[in-house]
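J.: The structure is given below, and queries will be raised subsequently.
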Amino acid sequence: MTKKHYITTLGIFLIFLLATLAIAPLIGATDINLRNAFSSEIPFKENIDAHILFLARLPRILLAGIAGSALAIAGAVFQALLRNDLAAPFTLGVSSGAAFGAVLSIAMGWTFRIMGIPALSLFAFMGALLAVALVFSLVKVRHNEFQTSTLLLAGVTANFFFAALVMFIHYLSDFTQSFQIIRWLMGGLDITDYATVLSIIPPVAFGFFVLMLIARDLNLISAGVSTALSRGVNVSRIQKTGFIVSSLITGTVVAFTGPIGFVGLIAPHIVRLIVGPDLRLLLPCVMMFGAAFLILCDAVARTLIAPAEIPVGVITAILGGPFFVWLLKRKKNA
Amino acid sequence: MTSPLLTAKNLNFGYDDTPILKNIFLKIEAGEFIGLIGPNGSGKSTLLKLLAGILDAPAHSIYFKQQDIRQVTRKKLAQSIAWTPQEQNLAFDFKNSEVVLMGRHPHLSLLAMESVNDFAIAKKAMEITHTLAFSDRSFNEISGGEKQRVLIASAIAQEPEMMALDEPTSALDIKYQMQILEILQHLNQDRKTTIVLAMHDLHLASKFCKRLLLLDNGKIVRDGTPDKVLEPGILEKVYNINVKLYRDPNGGVLVSPIPSSAPASTDIA
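Taken in sequence, the protein lines are chains A and B. FYI, in the working numbering the residues of the first sequence are 70 to 403. FYI, in the working numbering the residues of the second sequence are 60 to 328.
Take a look at the structure:
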């Protein structure tokens, strides 16, 4: 990989992301007049176009972008660590743990906020971390490496366990709560503001920075643990760092958006087909692509049956399901 | 005399409660060409992995240049010792050139990209192993013999003092076996790279290795020149077969197994 190739590829993905960012705010149930929106003559209070653009659409687009990039990065890293291209952020029970936390807070009727962050998000985040802690406590480090099969098994077990708890709470809750629970479980970007966007940027940016630092080590692990060890990679430390950081950024995002499936699976795949498996290039590209992908999915979700909105999780899953099947089939034929 | 590259002192190792290696004493000097031979399950692969630092050795049992191998950082060890697996499959489609470049990892600092120099070293390694022709193809698409050569190229790119190779020739036909052994011989002679490899073919081992270690059930039962190690008595005991040895006029010892007489009391008849 030459420097020129590296920068050109990043540039192309950046243009794609910027184009998406420019177009997405114009798409929606209501047409907006851009000239009015940016007009300084109309006071902001009376400027409907500006309200829609800056208060309704923009924060939502930013949240979609950050969530999409976080889930996509986490997916790419999990796939590398598990040396398995069917792994995704939710393989480790992160989403079901978050769902458990969220559903618990809905059922309990907790509506308090701590430092501006709603209880729902706090509990979802704690649930995600609880699931990851549980999964890790089940996995032994042996001969310098995690047993990846045990890790996957523990993740699946945690998923079933928390899904059962969610169903249990759901079953006991009343009609209004039940609707709220279902709505959260579908995943969505609709309830958002700039405060939310600002609060998830630091952990996601930090996570991306750390993962970029260990990208070359992750490459070697994705090629094989023993050869990585013989090339000087501290495998157990990199594995731990990768898993914890990816879980952290997944948990942060899922706490606010609910479990949005398939982004973390699809985005790394598509980008890997284009730029190859080298994570030093794949990670930044997948970050931009994941952002653009979820922004576009959300634009579809906002307009397909406007003025009603489809939860974005439904759109990604409808696109993702067939893709997943195609991937499995392709793998089987290979 | 200079200090040995690697020393094993009363090395014992096992998985859980199953002992694999027992009471190993061993000195590897720089520049040696050593073959590890012995039946399946005798501990050859495990010994190689311990010597290359891939498995953690117990304290005070393996010394790298007189320092306990556990005290040597992984990166520093990787700058001196490269290891190649018998088989490798990649989950992702890395190109062969990328696999070879991974050998530069221990020489690169955090966040550094490979330099022109690194690319040149990788290219040279691919030249030596005759793998340049498919450098742009995916590692997963090439044949077993080609894969083994790419793995060796990656180890060469690591510029190690010693290469530990786990059965690099076992899955290959005679042409590729010769090719790989000649590449290793060339490295040993021209670059003074120490070679330690596990292999099954006793004839080829005797042809190329200057020293053989015969392992049986986790113990080194013979250690010396091929002539000294390959003797009918010990081979019959270790492999539990009858053999006759012939001197190969082109070098080495030909070990010919003698079929055991037809089983006396079976129901074949």
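C-beta atoms are modelled at their ideal positions from N, C-alpha and C, and glycine is treated no differently.
Given residue 159 of chain B, which residues of its chain have a CB within under 7 angstroms of its CB, disregarding the five upstream and five downstream residues?
T.: The count along the second sequence starts at 1 and reaches residue 159 of chain B at position 100. If we look at residue 159 of chain B and ignore the five residues flanking it on each side, its Cβ neighbours are 181, 184, 185, 209, 212, 213, 216.
J.: Measuring alpha carbon to alpha carbon, tell me which of B:285, B:311, B:319 ends up nearest residue 358 of chain B.
T.: Nothing about residue 358 of chain B can be read from this structure; chain B reaches only from 60 to 328.
J.: I'd like to confirm something about residue 113 of chain B: is its beta-carbon nearer than 6 angstroms to some heavy atom of the ligand FMN, or not?
T.: The ligand FMN is not part of this structure, which contains no ligands at all.
J.: Examine chain A for any beta-carbon lying closer than 7 angstroms to the beta-carbon of residue 164 of chain B, and answer yes or no.
T.: As a position in the second sequence, residue 164 of chain B is number 105, starting the count at 1. For residue 164 of chain B, the answer is yes, since a Cβ of chain A falls inside 7 angstroms of its Cβ.
J.: Counting contacts by CB-CB distance shorter than 7 angstroms, is residue 113 of chain B in contact with chain A?
T.: Numbered from its first residue, the second sequence carries residue 113 of chain B at position 54. Yes, residue 113 of chain B lies at the interface with chain A (some Cβ there is under 7 angstroms from its Cβ).
J.: Nearest by alpha-carbon distance to residue 218 of chain B: which of B:166, B:71, B:201 is it?
T.: As a working note, residue 218 of chain B is residue 159 in the second sequence. Out of B:166, B:71, B:201, B:166 has the C-alpha closest to the C-alpha of residue 218 of chain B.
J.: Could you tell me which chain A residues have their CB closer than 8 angstroms to the CB of residue 133 of chain B, listed as they occur along the chain?
T.: As a first step, residue 133 of chain B must be located in the second sequence, where it is residue number 74. Correct list: 298, 301, 302, 303.
J.: Going by C-alpha to C-alpha distance, which of A:362, A:325, A:340 sits closest to residue 186 of chain A?
T.: Residue numbering aside, residue 186 of chain A sits at position 117 when the first sequence is read from its first letter. The candidate whose alpha carbon is nearest that of residue 186 of chain A is A:325.
J.: With a cut-off of 8 angstroms on the beta carbons, I'd call residue 109 of chain B and residue 89 of chain B a contact; round off their distance for me.
T.: As a working mapping, residue 109 of chain B is identified with position 50 in the second sequence. As a working mapping, residue 89 of chain B is identified with position 30 in the second sequence. Actually they are not in contact, since the Cβ atoms of residue 109 of chain B and residue 89 of chain B sit about 19 angstroms apart, beyond 8 angstroms.
J.: Bridge partners of residue 233 of chain A, per DSSP?
T.: Residue mapping note: residue 233 of chain A aligns to position 164 of the first sequence, counting from 1. Answer by DSSP bridge pairing: none, since residue 233 of chain A is not bridged.
J.: Classify residue 173 of chain B: buried if its beta carbon has 16 or more other beta carbons within 10 angstroms, exposed otherwise.
T.: Here residue 173 of chain B refers to the residue found at position 114 when the second sequence is read from its first residue. Classification for residue 173 of chain B: buried.
J.: Taking a cut of 9 angstroms between CB atoms, which residues from the region 279-290 of chain A lie near chain B?
T.: Listed by position along the chain: 281, 282, 283, 284, 285, 286, 288, 289.
J.: Skipping 5 residues on each side, what residues in its chain have a beta carbon closer than 7 angstroms to that of residue 180 of chain A?
T.: Counting from one through the first sequence, the residue named residue 180 of chain A turns up at place 111. These residues qualify, in order along the chain: 188.
J.: Rank A:274, A:262, A:271, A:250 by C-alpha distance to the C-alpha of residue 174 of chain A and give the top, closest one.
T.: As a position in the first sequence, residue 174 of chain A is number 105, starting the count at 1. Nearest option by C-alpha distance: A:250.
J.: Please confirm if the region 236-248 of chain B is in contact with the region 273-291 of chain B, defined as three or more CB-CB distances below 8 angstroms between the two stretches.
T.: No: fewer than three Cβ pairs fall under 8 angstroms.
J.: Going straight from the alpha carbon of residue 94 of chain A to that of residue 376 of chain A, what length do you get?
T.: Numbered from 1 along the first sequence, position 25 holds the residue referred to as residue 94 of chain A. Numbered from 1 along the first sequence, position 307 holds the residue referred to as residue 376 of chain A. C-alpha separation (whole angstroms): 16 angstroms.
J.: Let me know the secondary structure DSSP gives residue 255 of chain B once reduced to three states.
T.: Along the second sequence, read from residue 1 onward, the residue named residue 255 of chain B stands at position 196. DSSP places residue 255 of chain B in strand when its eight states are reduced to three.
J.: Would you list, in chain order, the members of the region 137-162 of chain B that have their beta-carbon closer than 9 angstroms to a beta-carbon of chain A?
T.: So the close ones are 137, 138, 140, 141, 142, 143, 144, 147, 148, 149, 150, 151, 152, 153, 154, 157, 158, 160, 161, 162.
J.: Going by beta-carbon coordinates alone, are residue 68 of chain B and residue 120 of chain B separated by less than 7 angstroms?
T.: The residue you call residue 68 of chain B lines up with position 9 of the second sequence. The residue you call residue 120 of chain B lines up with position 61 of the second sequence. The answer is yes: Cβ separation under 7 angstroms.
J.: By the 10 Å Cβ neighbour count, where 16 or more other Cβ atoms means buried, how is residue 154 of chain A classified, buried or exposed?
T.: Within the first sequence, numbered from 1, the residue matching residue 154 of chain A stands at position 85. Residue 154 of chain A comes out buried.
J.: Are any of the Cβ atoms in chain B nearer than 7 angstroms to that of residue 377 of chain A?
T.: Your numbering for residue 377 of chain A matches position 308 in the first sequence. Closer than 7 angstroms: no.
J.: Drop a sphere of 10 angstroms on the beta-carbon of residue 122 of chain B, count the other beta-carbons inside from all chains shown, and report buried for 16 or more, exposed for fewer.
T.: Taking the first residue of the second sequence as position 1, residue 122 of chain B is located at position 63. Label assigned to residue 122 of chain B: buried.
J.: Does DSSP put residue 179 of chain A in a helix, in a strand, or in coil?
T.: Counted from its first residue, the first sequence places residue 179 of chain A at position 110. Looking at residue 179 of chain A - three-state DSSP - the assignment turns out to be coil, as it is neither helix nor strand.
J.: Using a Cβ-Cβ cut-off of 6 angstroms (strictly less than) and excluding sequence neighbours within five positions of residue 227 of chain A, which residues of its own chain qualify?
T.: For this step, residue 227 of chain A is matched to residue 158 along the first sequence. Result list for residue 227 of chain A: 162, 200, 203, 204, in chain order.
J.: If you measure from the beta carbon of residue 399 of chain A to each beta carbon in chain B, is any gap under 7 angstroms?
T.: Residue mapping note: residue 399 of chain A aligns to position 330 of the first sequence, counting from 1. Taking Cβ atoms only, chain B never reaches closer than 7 angstroms to residue 399 of chain A, which makes this a no.
J.: Less than 8 angstroms between the CB atoms is what I'm expecting for residue 208 of chain A and residue 197 of chain A, so what's the real figure, rounded?
T.: Here the question's residue 208 of chain A lines up with position 139 in the first sequence. Here the question's residue 197 of chain A lines up with position 128 in the first sequence. In fact, because the Cβ distance is near 17 angstroms, the residues do not count as touching under 8 angstroms.
J.: Pick out the complete alpha helix (DSSP H) segments inside the region 249-326 of chain A, 4 residues or longer, and give them in chain order.
T.: 263-282, 284-292, 294-299, 304-326, all fully within the region 249-326 of chain A.
J.: Among residues of its own chain, excluding the 5 on either side of residue 152 of chain B, which ones have a beta-carbon nearer than 7 angstroms to its beta-carbon?
T.: Here the question's residue 152 of chain B lines up with position 93 in the second sequence. Around residue 152 of chain B: 197, 199.
J.: Quick one: which chain A residues come within Cβ less than 9 angstroms of residue 130 of chain B?
T.: Residue numbering aside, residue 130 of chain B sits at position 71 when the second sequence is read from its first letter. Per Cβ cutoff of 9 angstroms: no residues; residue 130 of chain B is ~15 angstroms from chain A at best.
J.: Where residue 385 of chain A and residue 71 of chain A are concerned, what is the direct C-alpha to C-alpha distance, given to the nearest angstrom?
T.: Here residue 385 of chain A is taken as the residue at index 316 of the first sequence, counted from 1. Here residue 71 of chain A is taken as the residue at index 2 of the first sequence, counted from 1. Approximately 34 angstroms, taken between the alpha carbons.
J.: Compare the C-beta of residue 346 of chain A with all C-beta atoms of chain B and state if any pair is closer than 7 angstroms.
T.: Start at 1 with the first residue of the first sequence, and residue 346 of chain A comes out as number 277. Cβ-Cβ to chain B under 7 angstroms: yes for residue 346 of chain A.
J.: Show which residues of chain B have a CB atom less than 8 angstroms away from the CB atom of residue 72 of chain A.
T.: Counting from 1 along the first sequence, the entry for residue 72 of chain A is found at position 3. Per Cβ cutoff of 8 angstroms: 172.
J.: In angstroms with no decimal places, state the Cα-to-Cα distance between residue 295 of chain A and residue 144 of chain B.
T.: By one-based count along the first sequence, residue 295 of chain A stands at place 226. By one-based count along the second sequence, residue 144 of chain B stands at place 85. Taking the straight line joining both Cα atoms gives about 8 angstroms.
J.: Comparing the C-beta of residue 80 of chain A with each C-beta of chain B, is any distance below 7 angstroms?
T.: Locating residue 80 of chain A in the first sequence gives position 11, counting from the first residue. False, the Cβ-Cβ gap to chain B never drops below 7 angstroms.
J.: Using the beta-carbon of each residue, which ones in chain A are nearer than 9 angstroms to residue 217 of chain B?
T.: Within the second sequence, residue 217 of chain B is the residue found at index 158, counting from 1. In chain order: 299, 300, 301.
J.: My output table needs one value for residue 126 of chain B: the three-state DSSP class, helix, strand or coil.
T.: Stepping through the second sequence from its first residue, residue 126 of chain B is reached at position 67. Strand at residue 126 of chain B.
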